[in-house]
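The C-terminal residue of the sequence shown carries number 343 in my numbering, and the numbering is unbroken.
All C-beta atoms, glycine included, are put in the ideal place defined by N, C-alpha and C.
See below for the structure under consideration.
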Amino acid sequence: MINERKTFPTFKDDKYDQLRKQDLINVTKELYCLDSRIFYKLKPVQEKSLLGFLNLLLDSEERERILDIVEQIIELTPEQREDFSNVLKKTKLENIIETMKFIEGRYSKLDILKKIVFDLGKFANERDNIQKIVENNYWLFGEQYNLATADKTMATALKEYNYILYGAKSPTTKLEHDDENDRRMDIFMCNARKVESDSGIYIDENIIVELKAPRIPLSNTVYRQIEDYMLFIRKQPSFNSIRRQWKFIAVCSVIDDDVKVRYDAFKEKGKPGLVMQADNYEIYALTWDDVFKSFELRHSFILDKLKMNREEIAKELFNNKTQNEKQMVSELTQKAISRTAN
């Protein structure tokens, strides 16, 4: 169903969707064990439809109704009915527990970054704290991005980007000489899969993030730095295809009015934070609060279901007796770069 006939529903690569996928696999296996005739001689479109409806039911409040539907198709013994009912309850409970652990881990790291940025900013810097946290938690900017390189020269980053796209047999990337070659990018991420554009064609979407220490405002100087990255990439023959979409994001605690005024020119685009757009290139100027709020809104539907007590999580997270604030930043950074909750 998954590998050969391709009739199994597709799921995203993020942790939450992979939990849903495993839930459907477990229930489908149990159904097959109950009576394989349910799937016998189904045409691909029929099998795909059956699995699709099953997936919808598992992800809804009507999950328990699956048992009633099955009983209308095959005759179950009392023992079979009880076993299948237990499977539905067990997989649901396991899914809830894993999802809670997953989201709790994400919010713990989000709270750590908030604490460092808003409360301990004068003791933190972009290299040792902010950058390390983001490069280990790049889901902050969207589940669809995979980390390609961090803190490398632009030339090295673009070469490694080419390697990620094409593998060990990557064509040699010869970059035009440019003074920007030696500029360092804080975070360079590229999309893990193709994206369908507004015009219906598939493109590669890339994201470059410029991070600054919490005390540094997003000024015209910072804006020009990320604009320089964009201009450098536009000059490279290996990276200027119209099938590549580039997003450049500058993130600081506050944004100067000189940069904010650029919002007005692009507000009709309906893209919060957009300050420049040219062809397939976009530049965004965001505050850390913008990044945090965007993440919370993307996951609000899960939070509403789980009713997570974030105050208790934060209390446990920051129950730290360390009095030295610089040391506290270092300890929190180590917690945030832990791989256990990604």
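Out of N207, P45, S61, D112, state which residue places its alpha-carbon closest to the alpha-carbon of L159.
For the purposes of this step, residue 159 is taken as the residue at position 158 of the sequence shown. The shortest Cα separation from L159 among N207, P45, S61, D112 belongs to N207.
Whole angstroms is fine: what's the gap from E144's alpha carbon to E76's?
Position 143 of the sequence shown, counting from 1, holds the residue named residue 144. Position 75 of the sequence shown, counting from 1, holds the residue named residue 76. Inter-residue distance for E144 and E76 is about 43 Å (C-alpha atoms, whole angstroms).
Closer than 8 Å by C-beta to S348: which residues in its own chain qualify, once you throw out the five before and the five after it? Chain order, please.
Here the chain has residues from 2 to 343 only, and residue 348 is not among them.
Measuring CB to CB, does C253 end up less than 8 Å from V276?
On the sequence shown, position 252 is the one that residue 253 refers to. On the sequence shown, position 275 is the one that residue 276 refers to. Taking 8 Å as the cut-off, the Cβ atoms of C253 and V276 do not count as close.
Which residues DSSP lists as bridging A279, in chain order:
Residue 279 sits at position 278 when you count from the first residue of the sequence shown. Per DSSP, Y282.
Just verifying my parser: in three-state terms, what is the DSSP assignment at T341?
Here the question's residue 341 lines up with position 340 in the sequence shown. Below a pLDDT of 50, predicted positions are generally treated as unreliable, and T341, at 49, falls in that range; the measurement from the model is reported next regardless. In the structure shown, T341 sits in coil (DSSP, three-state: anything other than H, G, I, E or B).
Own chain partners of T341 with C-beta closer than 8 Å, once the 5 adjacent residues on each side are dropped
As a first step, residue 341 is located in the sequence shown; it is residue number 340 there, counting from the start. Note on T341: pLDDT 49, under 50, position unreliable in the model; no value is reported.
Beta-carbon separation of K123 and R216 under 8 Å?
If you number the sequence shown from 1, residue 123 lands on position 122. If you number the sequence shown from 1, residue 216 lands on position 215. Annotated as proximal: K123 and R216, with beta-carbon spacing under 8 Å.
Between the C-alpha atoms of S339 and N137, what's the straight-line distance to the nearest angstrom?
As a working note, residue 339 is residue 338 in the sequence shown. As a working note, residue 137 is residue 136 in the sequence shown. Cα to Cα, the separation comes out at about 8 Å.
Paired residues, beta bridge with L287 - DSSP:
For this step, residue 287 is matched to residue 286 along the sequence shown. DSSP output for L287 lists V252 as bridge partner(s).
Since N207 is in the beta strand (DSSP E), which residue starts that stretch and which ends it?
To locate residue 207, count along the sequence shown from 1; it is residue 206. Unbroken beta strand (DSSP E) run through N207: 203 to 212.
For T1, does the count of other Cβ atoms within 10 angstroms reach 16, so buried, or fall short, so exposed?
The first residue shown for the chain is 2 and the last is 343, placing residue 1 beyond what the model contains.
Taking the Cβ atom as the reference point for each residue, do F9 and Q19 lie within a distance shorter than 8 Å?
Locating residue 9 in the sequence shown gives position 8, where the first residue counts as 1. Locating residue 19 in the sequence shown gives position 18, where the first residue counts as 1. Against a cut-off of 8 Å, the Cβ pair of Q19 and F9 comes out as no contact.
Evaluate F119 with the Cβ neighbour count: other Cβ atoms within 10 Å of its Cβ, from every protein chain shown; 16 or more gives buried, anything less gives exposed.
As a first step, residue 119 must be located in the sequence shown, where it is residue number 118. Exposed is the label assigned to F119, since fewer than 16 other Cβ atoms lie within 10 Å of its Cβ.
Within the continuous alpha helix (DSSP H) that includes G122, where are the two ends?
On the sequence shown, residue 122 is found 121 positions in, with the first residue counted as 1. Per DSSP, G122 belongs to no alpha helix (DSSP H) and is neither H nor E.
Residues sharing a beta bridge with R245, DSSP
Against the sequence shown, residue 245 aligns to sequence position 244. DSSP output for R245 lists D205 as bridge partner(s).
Counting beta carbon pairs with one atom in the segment 227 to 247 and one in the segment 272 to 292, are three or more of them shorter than 8 Å?
The segment 272 to 292 makes contact with the segment 227 to 247, as at least three CB pairs between them are under 8 Å.
Sequence ranges, alpha helix (DSSP H) only - wholly within the segment 7 to 74, length at least 4
Listed in chain order, the complete alpha helix (DSSP H) runs (minimum 4 residues) inside the segment 7 to 74 are 16 to 35, 45 to 59, 66 to 74.
Report buried or exposed for G274, applying the criterion of at least 16 other Cβ atoms within 10 angstroms of its Cβ.
The residue you call residue 274 lines up with position 273 of the sequence shown. By the neighbour-count criterion, in which a residue is buried when 16 or more other Cβ atoms sit within 10 angstroms of its Cβ, G274 is buried.
Which one of K153, T154, S109, V135 has the shortest CA to CA distance from Y146?
Against the sequence shown, residue 146 aligns to sequence position 145. Its Cα nearest to that of Y146, the residue V135 stands out among K153, T154, S109, V135.
E144 - DSSP class collapsed to helix/strand/coil
In the sequence shown, residue 144 corresponds to position 143, counting from 1. Here E144 sits in coil by DSSP.
Helix, strand or coil, according to DSSP, for E5 in the structure here?
Position 4 of the sequence shown, counted from the first residue, corresponds to residue 5. The answer is coil: DSSP assigns E5 none of H, G, I, E or B.
Once you ignore the five residues that flank E197 on each side, which residues in its own chain have a CB closer than 7 Å to its CB?
Residue mapping note: residue 197 aligns to position 196 of the sequence shown, counting from 1. Around E197: Y203.
Rounded Cβ spacing between L25 and L59 (contact assumed at less than 8 Å)
Reading the sequence shown from its first residue, position 24 is the one you call residue 25. Reading the sequence shown from its first residue, position 58 is the one you call residue 59. The distance from the Cβ of L25 to that of L59 is about 6 Å, consistent with a contact at the 8 Å cut-off.
Tell me where the alpha helix (DSSP H) around K133 begins and ends.
Here residue 133 is taken as the residue at index 132 of the sequence shown, counted from 1. Per DSSP, the continuous alpha helix (DSSP H) segment holding K133 begins and ends at 132 to 137.
Do we get a CB-CB distance below 8 Å when we pair A337 with the residues of chain C?
The chain labelled as chain C is not found in the depicted structure, where only one protein chain is given.
Straight-line Cα distance separating A214 from S331:
Locating residue 331 in the sequence shown gives position 330, counting from the first residue. Locating residue 214 in the sequence shown gives position 213, counting from the first residue. The straight-line gap from Cα to Cα measures roughly 14 Å.
Can you name the start and end residues of the alpha helix (DSSP H) that I227 belongs to?
On the sequence shown, residue 227 is found 226 positions in, with the first residue counted as 1. First-last of the alpha helix (DSSP H) with I227: 221 to 235.
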